[in-house]
Every structure is written in structure tokens, then in C-alpha cells.
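What follows is one structure encoded as C-alpha cells, with my remarks underneath.
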Amino acid sequence: MQPICHFTVSFLEPGSHVYHMTLDIDHLPSGRHELSLPVWTPGAYKVADCSRHLFDLSATSGPQALEVVHVAKNRWLLETTMEGPVQIRYNVYAFEFGVSTSHLDQSHAYFNGAQLFLLTDDYKDIPYYLTLEKPPAWEVSTGLDLDNTGRGQYQAPDYDVLIDSPFEVGTQSISTFEVDDKKHTLAVYGHGNENLAQLTHDAEQIVRAQKQIFGSLPYEHYTFILHLSDKPTGGLEHLNSTTCGVERFMFRPWKNYKRVLGLLSHEFFHLWNVKRIHPDMLGPFDYNKEVYTRLLWAMEGFTDYYAYLTLRRSNLYSVQDYLTTLSKKLVDYEKRPGRFVQSLAESSLDTWIKLYNPDEDSVNRTISYYLKGELVGTCLDLEIRRRTKNQASLDDVLRKLYERYGSRGLGFPESVYQDTVEEVGNSSFQDFFDHYINGTRPIPIDEALLSAGLRIERQYKRLPEDDDENTAETPQTSQVPYPWLGIDTKVVDGHRIVITQTYTSGPAATLLNAGDQLIALNDYQLHQPKDLKHRLQYDQQVGDTVTLTFFRQGRLHTLPVVLAPQPFDKVGIRPCEDSNPLQRHIFESWLNASWNDHFTSGDDAWNQTE
Ligand SMILES: [Zn+2]
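Using the numbering used here, read the sequence shown as starting at 874 and increasing by one per residue.
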């Protein structure tokens, strides 16, 4: 007989920030048993050592106390002499507000299973039951199913689903909508300038647009948990829910709200891409250590690609919104020296020590698999469309992977990804994978967009000549680069200008260091970072030598730097005047938009503004 595990999570005094946990196990065989808590949460590729907040663990079998030996940071051993019920009790301190963490205070309870639920031995494939002891007025929002066996309030078919189902419990605002007779719940914790009716409408459009790709919704119900607080906390995907955390006043104006929609769209798309379509390392999970894959560019980067593409296809984003977002990503990518050092495959493999642990050198040695992955998704989709004369696309790759693996609960060997691209594209993509995924060649974004009749103009933002306050916020563009030191700075203590990173592609790479405090340019004091930018742009030329004075570890230095040209920081994406029918056809099916509606002759200004 298999053991039956029932957790009780008690938080009747939420101000204590402590979850009181009880695990009742029936039919646990006699012998030595191991209890373990995950060291990471799936989707957050970082060792978080969830057990650091666990304390007061004890075990009993009937009236008898059992000895529990703590043998490793996340593991405990206990021994039973006969089969029977065992009760494990422990507490978990939870005061870390984030999407992949757990938080408990006077306003709500939010928890992720990785922080709360001990695994007994290797019993991952048995059902789990769950009961909450909560303040009576608090409502529950979760993707987990209600229990229908009478054992608890909620049930999970296995440990993975238990860990994959966060709970939001409190006085959150709740709204619902239905797609395909399936209930979708929006649970919003916190307030700001949100418009719940608008958000509900837009979430429904996202669900409908993404369903178009796969044909149906592979769940019975779905829950969006949205945290509104003073800081953005990102998003985390689950099988039939997500938690997203955004700054509370992000709902107006549109330029902010469209980022909220981008996050929701990204996390929702994950229910297919990574939660169901994934390499075999990403499920079932090993919770005890890092799991390594070279495919996070496809799991995360392509999810970002589809997040924005489906926002466009649903008309939540205009064509201009879509191309503006794409152009900003291109600026970020091309400015980053690390794109010549780290491949997408390496970025994925090393995420555990690099992407989630950035430092002052990251810009020079690493590339984000989100950023480059999205751009490579654009290139790959348009290349498949070009080669097949728009008879196939990246959508077909994802559909095939879903049909063959995802819908059957299977992971795939990593080589399957390229095989499937080549099957759909009906040709070899060996060079594409060698150059842009396993290698560091600049991505062929110009050629890709040309397939859809679009051309890229690389430009430079220029501060306005007129220093009038009204125009200061709208930089003009120029074809001529302005002088550049190749550093980023921040203001510390309200007045100190401190270098945060130097670019290996810049003129000061071997002269200035992160941490140097800039004092003066050409012997005149710098009061704020804006002074540096203004004086370089208005008073200097590329090729000029300037003198910089700075403190390094408390000692004053002065040295000359020869100014280099600034990398472009503004991209325009415009229609080709001589586009052919195939290019226009690709554009229209790619973005679900009419070419003629967007590009009337003589109208070339549509992508000039934010
Ligand atoms: Zn993601």
C-alpha cells in the first residue's frame, strides 16, 4: 500500500510570518526514511536553499516521539519500527515578497510549495492532500484542484503539481472570465492605478490569441495571481497558473501598461512552452540540485518572442507597439560586448551561476537567453517562412513538439529541437544553429526582417539643442554618433557619480573601473550624470582627448581618455519601398496585420515615436 500524505498549512497569526506545517503520513512502511525540501523552485534557475527558513522539525508515531537526524542542508532522516501513521511538524518563516518565494503578513499569505512541502523518500508520484487553517475572512486563489475524496480541502495528483501550485490567500480582488467553458481567475493582491475590468478583458484576449496556435486549452481552470507592490518582482510560470509582480502604478500610461501585458502574456505562454514543451531535464525535476539544459533560449527567449507576437496578433499591441518593442531589444543586444563571448547554449547552461548572479562584468562576458533568444526566435520564424514561401513557421515547430511530447507529458532529448526545425523548414538549419545558438556570430536580423518587407535603420538619440524643459524628454535622432566613454554610471548617496560597468568595446575599458567615483571632466566638477552626458555631447567631438578626475578606493586620479563613437541607441524599422508579394504576405500572416493598412505611400513617420 502506498503512503497517503496530507499537509496542513496553518497561519492563524499571519503577523508572525510563520507557517505552521503538519504532514500526516498514513501507511508509511517501517524503516529509515528521508525528508527533503527542494533547493530550487522550477522556473527560477537559482539555488535558493528553501530550507534556510525551516525550523522546529519533529516527528511522532502515535504517542511516540521519533528521533529526527538533520543530515544535510535540506535533508532529515527518521526511522519507524512498524508501518503506521507518522506525523511530522515543522515551522517555516516566510517574509520574502517575490513570485518564487513565500510571504506571510497581516495583509495576505502567499506561498510556493518549494518552501513549504517536505518530500518523503522518493514518493513523488502519489497524490497529495492539503488543508489550510486561515483567517476566516480570507479567500483562496490557486491553480490546485479542490479535493473530492474528503481527505483535505485541495488535492494534487503528485508532488510536482503540489510544488507547482502557489497559493494567494487574503482579501485580493478577484475577477473571472471563461474561454472554452474553462474558468479563468484573476486574483489581484494590492492596489495602485489598476483597472480590473480592463485587465480582465485583456487577459482574455491573451488567452484566446495563444490558444489559436495550439488549438485548445490543456487545463480545466487557470489562475493569474497578480501582485501589485512598490517594486516589480517578475513572473513565474506554472501548469495552470502564474504569479506576476508589477509596480503598483504601472497601469497608466500605455507605455507602462503594455509591459504589464507583456509579462502576463509571457507567463501564460509558458503553460505550453516549458511547462509542457520542454527538454527532458526540465521535468520531472530533481529538486536537490541544479538541472542543466542548453535550451533555455527556446524555453524563455521564444516565450518572450511569442508573448509579444500574440499581443500583436490579438490587436492588444499595434504593429507600431510590436516593432518598437523589438527595436529596443535590438539596441540592447547590439550594444552588449558579451554577445561575442557567450553563446545562447552556454548562457542557458550557466544560468545558475551567471544570469541570476550578475556583476559589473556581465555586460562584457554574457548574453541573456531572454534577450538574444527572442531575437533569434524572430530570425528563425522569418527564415522558416522565407524558405517555405510562408507555408510553415515557428508556430509549426511548437505545435509538433507539443503534439509529440508536451501533450503526452514527455520531455524530449535536446537534439529534437533542431530536428523539428529542419523537418518544418524542410532544409538544413545546421549553420543557423552553429552560428546563432551554439556560436556567437551577430544574428541575421536585417535579413530576417527583410523577409517580411521591413528594413532596419540604426540611429542615435540626441539631446535636444533647445534646453527648454518641455522638449528635454523627447530626444531627437541623428545619423552621427556622439562621443562616448564606454561606461555606465549611477548616483550614490544623492550626489556621488559612480561607475557601474565599463564596456570592453569602449575607450575607457582598461582605464576606468567599476566603482570609480567621477569628480571632474576637463578639471570642472561633475555634479550629476547628466552633466557628463551634456558636456560630452555638446562640447566634445569623437576623437577628442578629455581629462577625467576620479576617486578610486579613496585615492585621487587624473587621466586622459580619447572619446570613441557611441554605439547606436535607436532603431527604426520601416517598410521597404520595393517590397514584393511574398514579403507582404509573410508580414501579414506573421503579424496578423494588413500591409496596406499600415504602409500607405509617403507615410514613413509611423515608427518615429515611442
Ligand atoms: Zn519565463
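Backbone N, C-alpha and C define an ideal beta-carbon position, used for all residues, glycine too.
Every value quoted in this text rests on a predicted model; they were computed, and no experiment measured them.
DSSP state of SER1048 mapped onto helix, strand, coil: Working through the sequence shown from its first residue, we reach residue 1048 at position 175. Under the three-state reduction of DSSP output, SER1048 falls in the strand class.
Cβ-based burial, GLN1229 [other Cβ within 10 Å; buried from 16]: Reading the sequence shown from its first residue, position 356 is the one you call residue 1229. One detail in the question is off: residue 1229 reads as Tyr in this sequence, not Gln. By the Cβ-count criterion, TYR1229 is exposed, with fewer than 16 other Cβ atoms from all chains shown falling within 10 Å of its own Cβ.
Helix, strand or coil at THR1176 according to DSSP, with G and I counted as helix: Here residue 1176 corresponds to residue number 303 of the sequence shown, with the count starting at 1. Helix at THR1176.
Cβ pair count under 8 Å reaching 3, the region 1150 to 1157 against the region 1184 to 1199: no
Within 7 Å, strictly: CB atoms of LEU951 and LEU939: Reading the sequence shown from its first residue, position 78 is the one you call residue 951. Reading the sequence shown from its first residue, position 66 is the one you call residue 939. Cβ atoms of LEU951 and LEU939: closer than 7 Å.
Separation of LEU977 from LYS1007, as counted between CA atoms: Taking the first residue of the sequence shown as position 1, residue 1007 is located at position 134. Taking the first residue of the sequence shown as position 1, residue 977 is located at position 104. Cα-Cα distance, rounded: 11 Å.
Any heavy atom of ligand 1 nearer than 6 Å to the CB - residues listed: GLU1110, HIS1139, HIS1143, GLU1173, THR1176
Beta-bridge partners of ASP1018, as assigned by DSSP: As a working mapping, residue 1018 is identified with position 145 in the sequence shown. For ASP1018, which the question treats as bridged, DSSP gives the partners GLN1028.
Per DSSP, cross-strand counterpart(s) of TYR1397: Here residue 1397 refers to the residue found at position 524 of the sequence shown. Residue pairing by DSSP places TYR1397 opposite LEU1394 in a beta bridge.
Nearest neighbour of THR1485, chosen from ASN947, THR1049, LYS1273 [CA to CA]: Residue 1485 lies beyond the residue range present for the chain, which begins at 874 and ends at 1483; the question has no answer from this structure.
Inter-residue CB distance, LYS1202 and GLU1247 (contact presumed, cutoff 8 Å): What you label residue 1202 is simply residue 329 of the sequence shown in a count that begins at 1. What you label residue 1247 is simply residue 374 of the sequence shown in a count that begins at 1. Confirmed, Cβ separation roughly 6 Å.
Buried or exposed (CB count within 10 angstroms, at least 16 for buried), GLU1276: Position 403 of the sequence shown, counted from the start, is the residue given in the question as residue 1276. Per the 10 Å Cβ criterion, exposed.
Cβ pair ILE1150, LEU1336 closer than 7 Å: Position 277 of the sequence shown, counted from the start, is the residue given in the question as residue 1150. Position 463 of the sequence shown, counted from the start, is the residue given in the question as residue 1336. No. Outside cutoff.
GLN1045 versus ARG1121 - alpha carbon distance: Reading the sequence shown from its first residue, position 172 is the one you call residue 1045. Reading the sequence shown from its first residue, position 248 is the one you call residue 1121. Each residue's alpha carbon lies about 14 Å from the other.
Cβ pair ARG1259, SER1324 closer than 7 Å: The residue you call residue 1259 lines up with position 386 of the sequence shown. The residue you call residue 1324 lines up with position 451 of the sequence shown. A contact, by the Cβ cut-off of 7 Å.
Closest Cα partner of MET894 within the set MET1172, ILE1226, ALA932: Counting from one through the sequence shown, the residue named residue 894 turns up at place 21. Nearest option by C-alpha distance: ALA932.
Beta-bridge pairing of PRO1438 - partner residues as DSSP gives them: Translated into the one-based positions of the sequence shown, residue 1438 becomes position 565. BP columns for PRO1438 point to PRO1356.
Residue of ALA1321, SER980, GLN1414, LEU1184 minimising C-alpha distance to GLU1140: Your numbering for residue 1140 matches position 267 in the sequence shown. Measuring from the Cα of GLU1140, the nearest candidate turns out to be LEU1184.
Whole-number beta carbon distance between ASP994 and HIS879, since they are thought to touch under 8 Å: In the sequence shown, counting from the first residue as 1, residue 879 sits at position 6. In the sequence shown, counting from the first residue as 1, residue 994 sits at position 121. Incorrect: roughly 16 Å between the Cβ atoms, too far for contact.
Terminal residues of the alpha helix (DSSP H) in which LEU1267 lies: Counted from its first residue, the sequence shown places residue 1267 at position 394. Unbroken alpha helix (DSSP H) run through LEU1267: 1267 to 1277.
Backbone CA spacing between ALA1180 and GLU1233 [nearest angstrom]: Locating residue 1180 in the sequence shown gives position 307, where the first residue counts as 1. Locating residue 1233 in the sequence shown gives position 360, where the first residue counts as 1. Their Cα atoms are separated by approximately 29 Å.
Nearest-angstrom Cα separation, counted from GLN988 out to SER924: Position 51 of the sequence shown holds residue 924. Position 115 of the sequence shown holds residue 988. Approximately 7 Å, taken between the alpha carbons.
Residue(s) in a DSSP beta bridge with GLN1215: The residue given as residue 1215 occupies position 342 in the sequence shown. GLN1215 is not bridged to any residue.
Buried versus exposed call for TYR1096 [16 or more other C-beta atoms within 10 Å across all chains shown]: Here residue 1096 is taken as the residue at index 223 of the sequence shown, counted from 1. Checking the sequence, you will find Thr at residue 1096 rather than Tyr. Buried.
Sequence-distant residues of the same chain with beta carbon closer than 7 Å to LYS1104, five excluded per side: Residue numbering aside, residue 1104 sits at position 231 when the sequence shown is read from its first letter. The answer, listed in chain order, is GLU1120.
Coarse secondary structure for GLY986, derived from DSSP in three states: Residue mapping note: residue 986 aligns to position 113 of the sequence shown, counting from 1. GLY986: helix per DSSP, three-state reduction.
Minimum C-alpha distance to THR1350 - residue among THR1293, GLY1359, TYR1333, ASP1366: For this step, residue 1350 is matched to residue 477 along the sequence shown. Cα-wise, what sits closest to THR1350 is TYR1333.
Close beta carbons around VAL1133, own chain, < 7 Å, minus the five adjacent residues each side: Locating residue 1133 in the sequence shown gives position 260, where the first residue counts as 1. So the qualifying residues of the chain are VAL1119, MET1123, PHE1124.
Nearest-angstrom Cα separation, counted from VAL1419 out to ALA1381: In the sequence shown, residue 1381 corresponds to position 508, counting from 1. In the sequence shown, residue 1419 corresponds to position 546, counting from 1. Each residue's Cα considered, the two are about 11 Å apart.
Given 8 Å, three or more beta-carbon pairs between the region 1070 to 1084 and the region 966 to 976: no
PHE1040 vs THR1022 beta-carbon contact at 7 Å: Here residue 1040 refers to the residue found at position 167 of the sequence shown. Here residue 1022 refers to the residue found at position 149 of the sequence shown. Their beta carbons are not under 7 Å apart, which means PHE1040 does not touch THR1022 by this criterion.
ALA921, DSSP secondary structure in three states: Along the sequence shown, one-based indexing puts residue 921 at 48. Three-state DSSP puts ALA921 in coil, outside helix and strand.
Inter-stretch contact at 8 Å, needing at least 3 Cβ pairs: the region 1432 to 1443 / the region 1393 to 1405: In short, these stretches do not touch, since the Cβ pair count stays below three.
Buried or exposed by the 16-neighbour rule on C-beta atoms within 10 Å, applied to THR1431: By one-based count along the sequence shown, residue 1431 stands at place 558. Answer is exposed; the Cβ neighbour count stays below 16.
Cβ distance (whole Å) where THR953 is taken to contact LEU896 below 8 Å: By 1-based counting over the sequence shown, the position of residue 953 is 80. By 1-based counting over the sequence shown, the position of residue 896 is 23. That belief does not hold up - the Cβ atoms of THR953 and LEU896 are roughly 14 Å apart, past 8 Å.
Coarse secondary structure for THR1482, derived from DSSP in three states: The residue you call residue 1482 lines up with position 609 of the sequence shown. Because the pLDDT of THR1482 is 39, which lies under 50, any placement of that residue in the model is unreliable, and the question is left without a value.
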